[in-house]
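Protein chains in written order, with numbering that gives the first Met the number 0: chain A, 0 to 125; chain B, 0 to 125; chain C, 0 to 125. Even glycine gets a Cβ: it sits at the ideal position worked out from N, Cα and C. So the structure is just underneath, and the comments pick up after that.
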Amino acid sequence: MPITQVSILQGKSETYRRMVADSVCDALHQAFGVPEDDRFVTILEHQAADFVFSPLSMGVARTEDLLIFRVTANRGRSVDQKKAFYSRLASLLQERLKVLPENVFINIVEVDKENWSFGSGIAQLA
Amino acid sequence: MPITQVSILQGKSETYRRMVADSVCDALHQAFGVPEDDRFVTILEHQAADFVFSPLSMGVARTEDLLIFRVTANRGRSVDQKKAFYSRLASLLQERLKVLPENVFINIVEVDKENWSFGSGIAQLA
Amino acid sequence: MPITQVSILQGKSETYRRMVADSVCDALHQAFGVPEDDRFVTILEHQAADFVFSPLSMGVARTEDLLIFRVTANRGRSVDQKKAFYSRLASLLQERLKVLPENVFINIVEVDKENWSFGSGIAQLA
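Next up, the structure:
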């Protein structure tokens, strides 16, 4: 039951943004085994002055179509699962929205199971 | 000295949003022993297309009044303290704003004490 | 290759905000050894009702010019490196923008190396 925050430059359509959200949920389902109906994504639309990125670093060339994904998830996925998630998300975004793979920046923050309440004031996983 | 980021659908009044912020600080005070005058909350108001959530998952039914809390706090609270925090926050929001407990989604990210500067360029807890 | 999210009250100029972003990247370069061309910062501009902070806590007096920095970085920097980062960032902001050091609030979240994809669907550090 991860939650994802996406940063994006202002100007993309609602349809585009919804597809970005769908894609990260689908990739989490396929690579991390997150249930298909667990979909929690918030999107932040930034003005250019508030969206600062390196156009070239680590051998990756980026454009204004950059998407920054901050995923918070339970601790314990393997390195291979994480690699599969990165690859899957980049592929889905390229297929569906023609996003260049270079424009998919991802960070995962991991937490313990007792660090979630999915509602109702209880710790569902503890 | 936790810091909380809240995601909420656009359209709630300033009074409502201030009460949401107050409630998470009060719950952190009561359940985690955070000093009463330590209050750090930022609120993100999203358009509907930027606020994606499962209306039903993990047996919890949610509505557009959903509140997503991302709390960053020092490592070391017990599972019981976390459970008390979830319960207290849901109760306060129900009492004060008639928020359904199902609409209170919470995630805690934990960090080490040296990972904070509360101002003045120093690490107050290290 | 850290990524930083900055919360700030609405009303500062683009020049000011760009300088804030530059300063955190420069401080990360100087204190953490982050490559100079690795610059990833998103800025959130809040209305007053959405930017709640203690005007006085932990012996620090703050004003509406408060800046809240949430830095996500690789695990493993020493306490001394973190202290150097806090001090450097406060100094740079004071020199360049006359920000009072009391108005520089910083939190660091640490993650493992395999928790990053800097683009192209791969885990560059794993």
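Quiz item: Looking at C-beta atoms only, is the number of pairs between the segment 81-88 of chain C and the segment 17-31 of chain C that lie closer than 8 Å three or more?
Solution: Flag = yes, the segment 81-88 of chain C and the segment 17-31 of chain C touch.
Exercise. With Ser77/C as the anchor, note down where its alpha helix (DSSP H) starts and where it stops.
Key: Per DSSP, Ser77/C belongs to no alpha helix (DSSP H) and is neither H nor E.
Quiz item: How long is the line joining the alpha carbons of Ala30/A and Ala125/B, rounded to whole angstroms?
Solution: Within the model, the alpha-carbon separation for Ala30/A versus Ala125/B is close to 38 Å.
Self-check item: Closest by C-alpha distance to His45/C, when choosing among Gln4/C, Met0/C, Ala72/C, Val33/C
Solution: The option with the nearest alpha carbon to His45/C is Gln4/C.
Quiz item: Using a beta-carbon distance below 8 Å, is Met57/C in contact with chain A?
Solution: So, not an interface residue.
Quiz item: chain A beta carbons: is any one of them nearer than 8 Å to that of His45/B?
Solution: It does: the Cβ of His45/B has a partner Cβ on chain A nearer than 8 Å.
Quiz item: Between Glu113/B and chain C, is there a C-beta pair that is closer than 8 Å?
Solution: Yes, contact with chain C.
Quiz item: Between Ser56/B and Val70/A, what straight-line distance do the alpha-carbon atoms span, to the nearest angstrom?
Solution: Distance from the CA atom of Ser56/B to the CA atom of Val70/A, rounded to whole angstroms, is 18 Å.
Practice problem: Mind listing the chain B neighbours of Val110/A? Cutoff is C-beta to C-beta under 9 Å, in chain order. | Solution: Within chain B, the residues whose beta carbon sits less than 9 Å from that of Val110/A are Asn106, Ile107, Val108, Glu109, listed in sequence order.
Practice problem: Give every residue of the same chain whose Cβ lies closer than 7 Å to the Cβ of Val40/C, excluding the five residues on either side of it in the sequence, and list them in chain order. | Solution: Result list for Val40/C: Thr3, Val5, Ala20, Val23, Cys24, in chain order.
Exercise. Taking Ala48/B as the query, report the chain A residues whose CB atoms sit under 7 Å from its CB, ordered along the chain.
Key: The answer, in chain order, is Glu13, Arg16, Arg17.
Self-check item: Beta bridge counterpart(s) of Leu96/C as assigned by DSSP
Solution: Its beta-bridge partners do not exist; DSSP assigns none.
Self-check item: 7 Å Cβ cut-off: residues of chain C touching Arg61/A
Solution: Contact annotation for Arg61/A against chain C: Gly118 [CB-CB distance below 7 Å, chain order].
Quiz item: What three-state label does DSSP hand Ala26/C in the structure shown?
Solution: Looking at Ala26/C - three-state DSSP - the assignment turns out to be helix.
Quiz item: In whole angstroms, what is the alpha-carbon distance linking Arg38/B and Arg95/A?
Solution: Each residue's Cα considered, the two are about 42 Å apart.
Quiz item: Any contact of the segment 103-113 of chain B with the segment 58-67 of chain C, i.e. 3+ C-beta pairs under 8 Å?
Solution: With fewer than three CB-CB distances shorter than 8 Å, the segment 103-113 of chain B does not count as touching the segment 58-67 of chain C.
Quiz prompt | Simplified DSSP assignment, three categories, for Phe50/A | solution = Reduced to three states, the DSSP call for Phe50/A is strand.
Quiz item: If you compare alpha carbons, which of Leu43/B, Arg76/B, Ser53/B, Gly120/B is closest to Pro1/B?
Solution: It is Arg76/B.
Quiz item: At which residues does the beta strand (DSSP E) containing Gln4/A begin and terminate?
Solution: It spans 2-8 - the beta strand (DSSP E) in which Gln4/A sits, taken as one unbroken run.
Quiz item: If you compare alpha carbons, which of Ser53/C, Thr14/C, Val78/C is closest to Pro34/B?
Solution: Distance check between Pro34/B and each of Ser53/C, Thr14/C, Val78/C places Ser53/C closest, using alpha-carbon atoms only.
Practice problem: State yes or no: is the C-beta of Val59/B within less than 8 Å of the C-beta of Gly118/A? | Solution: Yes, they are a contact pair.
Quiz item: Under 8 Å between the Cβ atoms of Asn106/A and Phe68/A?
Solution: Yes. Within cutoff.
Self-check item: C-beta neighbour in chain B for Ala20/A, strict 8 Å
Solution: Taking a beta-carbon distance threshold of 8 Å, Ala20/A counts as an interface residue toward chain B.
Quiz item: Of the residues Asp36/B, Pro100/B, Gln123/B, Gly120/B, which one's Cα is nearest the Cα of Ile121/A?
Solution: Comparing Cα positions, the closest option is Pro100/B.
Practice problem: From the DSSP output, in three-state form, read off Val108/B for me. | Solution: If DSSP states are grouped into helix, strand and coil, Val108/B belongs with the strands.
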